Amino acid sequence: MEFIAIAKAIALFSLVGPGIAIGLIGGQAMRAIGRNPNAANAIKTSMLLALAFAEFLGLLAFLSLFLIK
């Protein structure tokens, strides 16, 4: 029983990584758009793709909480 709680705690802390990544991706994209407004469409497309990957990793970490029994 004790090991299950430890495993769930580790899975819960794995949600921190994607959260930080999403913040960094958004912040750096806004900085890039501020420096080069003409490339805003290309930057937004790349940002959304990177956000989707980071969010998917967050969802996998979240689902792993429910798979641990």
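Take the sequence shown: its letters are residues 2 to 70, numbered as in my numbering.
Beta carbons are placed, not taken as given, at the ideal position from N, Cα and C, and that holds for glycine.
None of the values given here were measured: they were computed from a predicted structure.
Q. Since Ile23 and Ala53 are thought to touch, with beta carbons under 8 Å apart, how far apart are those beta carbons, to the nearest angstrom?
A. Counting from one through the sequence shown, the residue named residue 23 turns up at place 22. Counting from one through the sequence shown, the residue named residue 53 turns up at place 52. Contact doesn't hold; Cβ gap of about 10 Å is too wide.
Q | Reference Ser47; option with closest CA among Leu58, Gly27, Ala62 and Leu61 | A | Counted from its first residue, the sequence shown places residue 47 at position 46. If we check each option's Cα against that of Ser47, Gly27 comes out closest.
Q) In chain order, which continuous runs of the alpha helix (DSSP H) of length 4 or greater are located wholly inside the region 8 to 65? A) 17 to 36
Q: Less than 8 Å between the CB atoms is what I'm expecting for Ala19 and Ala51, so what's the real figure, rounded?
A: Walking along the sequence shown from the start, residue 19 turns up at place 18. Walking along the sequence shown from the start, residue 51 turns up at place 50. The question names Ala, but residue 19 in the sequence shown is Pro. With a Cβ gap of about 11 Å, Pro19 and Ala51 do not count as contacting.
Q. Could you give the C-beta distance for Leu13 and Leu66, rounded to a whole number, given that I count them as a contact under 8 Å?
A. For the purposes of this step, residue 13 is identified with residue 12 of the sequence shown, where counting begins at 1. For the purposes of this step, residue 66 is identified with residue 65 of the sequence shown, where counting begins at 1. Contact flag correct, Cβ pair sits at about 6 Å.
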